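Here's the structure we're looking at; comments come further down.
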Amino acid sequence: KLTIEGWNGTILGNGSTFRRYSTTATSQIIRIVDSSNIVIDNLSVRGPIDLAFVQSRTFGTGDREDEHAVSIESVTNLTIRGGSFTNTRGDALYIRARNETSTAPTNIVISGVVMDINGRNNISVIGAKNLRLTGSTGSNASLLGRELGTRLTGRHLSFEVFPFGYAEYLDFTGGERGA
14 KLTIEGWNGT
24 ILGNGSTFRR
34 YSTTATSQII
44 RIVDSSNIVI
54 DNLSVRGPID
64 LAFVQSRTFG
74 TGDREDEHAV
84 SIESVTNLTI
94 RGGSFTNTRG
104 DALYIRARNE
114 TSTAPTNIVI
124 SGVVMDINGR
134 NNISVIGAKN
144 LRLTGSTGSN
154 ASLLGRELGT
164 RLTGRHLSFE
174 VFPFGYAEYL
184 DFTGGERGA
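Numbering-wise (my numbering), the sequence shown opens with residue 14 and increments by one.
What follows is the structure, encoded as structure tokens:
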């Protein structure tokens, strides 16, 4: 595990891979916290799992789905260019404020990153400002498994939305009847 805290600078991957081999390790592979002006250029991060593991598991059974390739917490001005984030039990990129009183991540640019075979999502964003994602690809191969409905359960909010009646529409738009 690599933790970067209170730092600014550039990580030049030059096509190299930061790899975790252990399937018993927990938490993020790379964690960037309370930092600013960070550039990650052409770095690959690979977790210890494969497609068969992702397809066979059941969410919520203590499978360490918080093991993300890269966790970005309360970071300002971060650019990730190229590389790949694959084979993790959690998300490829997990973006959030460090805690309830921390600043939300701001000015995040993700460009040309490949995200594949991750146990949860390719990107999870929990409160960020000015996030730009371009030219990146990914798939959630775990959704090819036999129990698609089970995998999606608990990861959504359901609510019914009813259309306005005519009078409500006029009130909402400031219109007048018969005008």
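Quick reminder that beta carbons are idealized off the backbone N, C-alpha and C, glycines included.
Small disclaimer: the values here were computed from a predicted structure and weren't measured.
With 16 or more other CB atoms across the displayed protein chains lying within 10 angstroms of its CB, E86 is buried. Within the DSSP bridge table, the entry for S84 names R44 and Y107 as partners. If you ignore the 5 residues before and after L146, its C-beta comes within less than 6 Å of the C-beta of I123, all in its own chain and listed in chain order. Considering only I43, L56 and N50, the residue with the shortest C-alpha distance to Y107 is I43. With a cutoff of 7 Å on beta-carbon distance, T99 and I130 are scored as near each other.
Cβ atoms of R109 and I139 come within 8 Å of each other, at about 4 Å. As DSSP reads the structure, F98 sits in a beta bridge with V58 and M128.
Non-local C-beta neighbours of T150 in its own chain, meaning closer than 6 Å and more than five positions away in sequence, comprise V127, ordered along the chain.
With contacts defined by Cβ atoms closer than 7 Å, G132 and R111 do not form a contacting pair. The beta carbon of V88 sits closer than 6 Å to the beta carbons of I45, S48 and P118 from its chain, once the five residues preceding and following it are set aside; these are given in chain order.
Non-local C-beta neighbours of A180 in its own chain, meaning closer than 7 Å and more than five positions away in sequence, are absent. For F31, the pairing in a beta bridge is given by DSSP as V58. Note on S29: under 16 other CB atoms within 10 angstroms of its CB, so exposed under the neighbour-count rule. Closest by C-alpha distance to G22, out of I93, S84, V58 and E80, is I93.
Shown here for A105: same chain residues with a beta carbon closer than 6 Å to its own, the five before and five after excluded, namely A82, F98, M128, N131 and N135 in chain order. Considering only R32, G191, T114 and D184, the residue with the shortest C-alpha distance to L56 is R32. The continuous beta strand (DSSP E) containing E18 extends over residues L15 to E18.
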